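Written out below as structure tokens is the structure these notes cover.
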Amino acid sequence: MLLPYSEYRWLTRFGEIGILWPVAIALALWMLFVGRSWRLALAWLLPLGVAVFITSVSKIAFIGWGVGIRALDFTGVSGHAMFSAAIYPVMAFALTASARPERRRWQLLAVAAAYAFALLIAYSRVVVHAHSWSEVVAGFVLGAAASGCTLWLAGRPAGRPWLRWALVAVACWFALMPGYAAPTNAHDLVTELSLRLAGRDRPFLREDLHAGQPS
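If you count the sequence shown from 1, you need to add 117 to reach my numbering.
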């Protein structure tokens, strides 16, 4: 491990949906008001929506019906890895959008650093035994595809300082959240939905996948 275990327990919270959704909404607003284009906002929300849908379906399929890949220890796409790789790079892009053309390299470095941070969050999910390698790799690749699509379509919208500083304020907000916010219960909600859809009273577990039999 690169860091003490306790640090990974703290780091992994930066991938929680409850902390990142406000950032995703703020980014959509930034694209509408700064980019002045609903197409830019759609270029952000549609890829993110597809990534969320795939992640949710993979989890529901396993929890409700036991659909997984035993050889890869795969029970569903990691939501933390997906959200981190989808949101942080776009946020880095937004925060550096008003940089002058000659300083574009700083924007590229910021986006690269955001992907590296997302990769570290994905790794933390393995360290804290929340996901297998296959699950975090799938999540990171899916999220990176969503953010990459947005960045490719975004171009270089002109930034307005007051909106940029508003995003900085949001960044400060979610940076504080891991230390103060209660853990997000998104997994419990997905589990409840999965059981309702499958008509079961007990979710499939990772142990069931490796046992090769219904629970």
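Every residue, glycine too, gets a C-beta built ideally from N, C-alpha and C. Bear in mind that the values here come from a model prediction, so they are computed numbers and not experimental data.
Cβ shell of residue i (< 6 Å), same chain only, five flanking positions each side left out
i, result
"Leu270", "Ala160"
"Gly185", "Phe179, Phe191, Thr192, Leu326"
"Ala84", "The structure shown does not extend to residue 84, since the chain spans only 118 to 332, so no value can be given for it."
Same chain only: Cβ atoms within 7 Å of residue i, ignoring 5 sequence neighbours per side
i, result
"Ala315", "Gly181, Trp182"
"Leu144", "Trp161, Val207, Met208, Ala211"
Contact under 8 Å by Cβ, residue i with residue j
i, j, result
"Leu157", "Met148", "yes"
"Leu128", "Leu237", "yes"
"Ile142", "Leu310", "no"
Residue i to residue j span [Cα, whole Å]
i, j, result
"Cys266", "Ser249", "26 Å"
"Ile171", "Arg222", "33 Å"
"Leu334", "Arg130", "Summary: the structure shown does not reach residue 334, with the chain confined to residues 118 through 332, and so no result is reported for it."
"Val245", "Ala233", "19 Å"
"Ala235", "Ser123", "18 Å"
"Ala230", "Tyr125", "18 Å"
"Thr308", "Ser154", "37 Å"
"Asn302", "Gly135", "9 Å"
"Ala214", "Tyr240", "29 Å"
"Arg372", "Leu146", "Residue 372 is absent from the structure shown; the chain starts at 118 and stops at 332."
"Arg319", "Ser175", "17 Å"
"Arg317", "Pro121", "39 Å"
"Glu252", "Arg313", "24 Å"
Selection from the options that minimises the alpha carbon distance to residue i
i, options, result
"Ser264", "Pro139, Leu165, Gly132", "Leu165"
"Ala328", "Val245, Ala188, Cys289, Ala261", "Ala188"
"Phe200", "Leu306, Ala261, Leu128, Ala230", "Ala261"
"Leu268", "Asn302, Glu252, Gln224", "Gln224"
"Ala198", "Ala229, Leu226, Arg242", "Arg242"
"Ala227", "Trp155, Leu146, Tyr205", "Tyr205"
"Cys289", "Glu252, Pro121, Val140", "Val140"
"Ser173", "His304, Asp318, Arg319", "His304"
"Ala247", "Leu312, Gly132, Pro121", "Gly132"
8 Å Cβ shell around residue i - same chain, five flanking residues per side excluded
i, result
"Pro331", "Because Pro331 sits at a pLDDT of 47, beneath the cut-off of 50, its placement in the model cannot be relied upon, and the following sentence gives the value as read from the coordinates. The residues are Gly183, Phe321, Asp325."
"Val167", "Ala263"
field: contact_flag[the segment 190-205, the segment 245-260] where n(CB pairs < 8 Å) is 3 or more
entry: Yes, the segment 190-205 is in contact with the segment 245-260.
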